[in-house]
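**Student:** Once you've had a glance at the structure underneath, I'll fire off some questions.
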DNA sequence: CGACGCTACCGTACATCGTACGGAGATTCT
DNA sequence: AGAATCTCCGTACGATGTACGGTAGCGTCG
């Protein structure tokens with residue numbers, strides 16, 4: 062498989078107390094007995110993020126992190142209980158790596174700015190999307206701050222608390238989905254050395270041989286135009302902006318119905 | 062890591078001609094010389110789907126497939142060039158495993174039925190979401206048929222071809238996102254043996270210790286209510302139905318603006 | 001009808017992973 | 001000084017996909 066893989070990961074497996082200490086930096090004061098520690102969790106996390114940014118979560122191995130830090134592999138386990146916790150902390154740190162979003166304008170402007178900012182964060186740290194963080198997110202400082210920021214954008218406009226939560230989640234889910242598509246596309250290109258246009262021009266004639274245009278007339282018509290326009294099967298950035306407008310129109314309809 | 066992993070996968074890497082032959086079953090007639098083949102690609106794909114359904118894509122290994130078929134591991138490579146192509150074919154077959162969606166009603170009823178059907182398919186084959194199939198999907202018979210079905214739902218209602226494509230993609234992306242959340246939740250529970258409610262009741266008091274309610278008043282207010290309602294951080298099924306309504310409202314607004 | 005050559009099958013081997021285990025050495029407290 | 005306690009880390013295990021090359025079964029041709 063080699064470059065054909067991407068490791069996924071989900072957290073909340075280890076000791077909850079230890080996990081929260083790692084995330085919030087509230088660990089116990091260092092023991093006085095024994096040798097001093099030569100590393101910090103932050104240094105390890107920083108190196109982990111570097112590797113994951115450059116080569117993906119699949120390329121992040123404890124051996125590689127240790128090597129880059131000039132220590133033995135097993136030394137890392139003095140700082141971090143397992144790779145799972147390391148990735149959890151990396152996740153929270155990377156989420157907060159971008160410039161803050163100014164809370165200017167109405168709810169629509171704010172949600173748009175938030176969506177674009179989140180999209181940018183995913184482009185900078187594509188491996189964030191490989192961390193399963195929807196049902197049991199790492200409850201670190203950044204995640205909490207972002208949750209507050211998002212909710213404020215839709216506060217005081219007539220929605221119930223549950224609706225506010227749902228709207229924020231919906232936008233987040235959609236950004237994740239389109240960002241994932243964009244990242245897949247970039248990754249496919251860099252890993253295979255084949256651009257989307259080249260890929261399409263290889264497969265299009267092969268598809269034509271087996272494709273029954275009488276059976277699938279609409280697909281034939283739309284696929285023709287979409288293929289010419291995007292030079293691939295799907296344009297993620299266009300899909301992002303288009304879909305965001307539709308979704309916010311839908312939110313506007315909800316708000317209007319409440320007024 | 063053990064159960065802490067999920068392998069991702071993206072296709073279109075191997076020989077395109079061979080890939081399309083596998084997907085469409087248009088391979089060359091079997092050679093007359095030499096021993097007969099004892100297996101078929103379909104049997105291998107079927108076993109692959111069984112394993113992936115039961116234990117996830119990470120548990121799908123060539124060794125396990127071969128073992129279950131009673132052959133040596135390397136024998137599989139007589140039928141399939143690599144694991145990547147096997148997963149591509151599994152993907153197309155599993156996509157078409159559900160009951161067909163009847164094209165009844167208007168565009169909204171049809172898109173709703175399609176979204177629910179797709180959601181169900183993802184629940185039956187959760188590993189489908191771990192196959193990166195957005196930018197360069199396996200161009201198999203099922204994918205093509207589904208594309209036609211989806212486009213027909215929005216055909217003839219005043220949208221351009223590009224808009225039709227975008228609307229279908231948008232709904233697809235959203236279903237994927239919420240289905241992913243639901244699957245993560247189910248997986249977290251079955252892998253850890255801890256329900257969402259138990260997880261939340263473990264983490265909530267730990268979070269309270271570090272959470273600053275003065276700094277994050279809206280998160281405190283909404284999180285309180287959402288936590289009580291969902292007994293977890295996020296309810297995927299509720300999110301799916303809620304978001305689908307908003308998105309379709311947004312599509313309705315687009316259609317109205319064209320009329 | 002025997003031998004040739006093609007083919008399916010598959011045993012072995014390699015590099016890679018996370019991490020359990022336990023030893024060695026450093027540091028501080030008694 | 002000696003005991004206690006900690007950091008650091010070498011080794012080992014059971015996984016993974018698949019390249020390579022050997023073997024045995026089979027159709028075809030001389």
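Protein chains in written order, with my numbering: chain A, 62 to 320; chain B, 62 to 320. C-beta atoms are modelled at their ideal positions from N, C-alpha and C, and glycine is treated no differently.
(1) Is it a yes or a no for the stretch 205–214 of chain B touching the stretch 247–265 of chain B, going by three-plus beta-carbon pairs under 8 angstroms?
(2) Which value, in whole angstroms, describes the spacing of the CA atoms of residue 133 of chain A and residue 103 of chain A?
(3) Determine the DSSP secondary structure at residue 312 of chain A, reduced to helix, strand or coil.
(4) For residue 193 of chain B, name the three-state secondary structure that DSSP assigns.
(5) Would you say the stretch 167–182 of chain B touches the stretch 294–312 of chain A, given that touching needs at least three Cβ pairs under 8 angstroms?
(6) Does any C-beta atom of chain A lie closer than 7 angstroms to the C-beta of residue 213 of chain B?
(7) Would you check if there are 3 or more beta carbon pairs closer than 8 angstroms linking the stretch 270–281 of chain A to the stretch 182–191 of chain B?
(8) Whole angstroms are fine: how far does the CA of residue 162 of chain A sit from the CA of residue 175 of chain A?
(9) Between the stretch 192–200 of chain A and the stretch 264–280 of chain A, do three or more beta carbon pairs fall short of 8 angstroms?
(10) With DSSP collapsed to three states, give me the class of residue 80 of chain A.
(11) Output needed in chain order: residues of the stretch 143–154 of chain A with a Cβ under 7 angstroms from some Cβ in chain B.
(12) Expressed to the nearest angstrom, what Euclidean distance is found between the alpha-carbon atoms of residue 100 of chain A and residue 228 of chain B?
(13) Residue 77 of chain A touches chain B at which residues, Cβ-Cβ below 9 angstroms?
(14) Name the two residues that bound the continuous alpha helix (DSSP H) containing residue 124 of chain A.
(15) Quick check: residue 320 of chain A and residue 219 of chain A, are their CB atoms within less than 7 angstroms of each other?
(16) Taking residue 288 of chain B as the reference, which of B:270, B:264, B:80 and B:209 has the closest Cα?
(17) Give me the Cβ distance between residue 149 of chain A and residue 84 of chain A, rounded to the nearest whole Å; I'm assuming they're in contact under 8 angstroms.
(18) Output needed for residue 88 of chain B: all residues of its chain with C-beta closer than 7 angstroms, excluding positions within five of it in sequence on either side, in chain order.
(19) Any beta carbon of chain A sitting closer than 7 angstroms to that of residue 180 of chain B?
(20) Would you kindly check if the distance between the Cβ of residue 155 of chain B and the Cβ of residue 243 of chain B is under 7 angstroms?
(21) Can you tell me whether DSSP reads residue 220 of chain A as helix, strand or coil?
(22) Measure the beta-carbon distance from residue 105 of chain B to residue 126 of chain B and round it to whole angstroms, keeping in mind my assumption that it falls under 8 angstroms.
(23) For chain A, check one thing: does any of its Cβ atoms lie closer than 7 angstroms to the Cβ of residue 319 of chain B?
**Tutor:** If we stick to the structure as given:
(1) no
(2) 17 angstroms
(3) helix
(4) strand
(5) no
(6) yes
(7) no
(8) 6 angstroms
(9) no
(10) helix
(11) 144 and 145
(12) 50 angstroms
(13) 260, 263, 264 and 267
(14) 123–130
(15) yes
(16) B:264
(17) 7 angstroms
(18) 82
(19) no
(20) no
(21) coil
(22) 6 angstroms
(23) no
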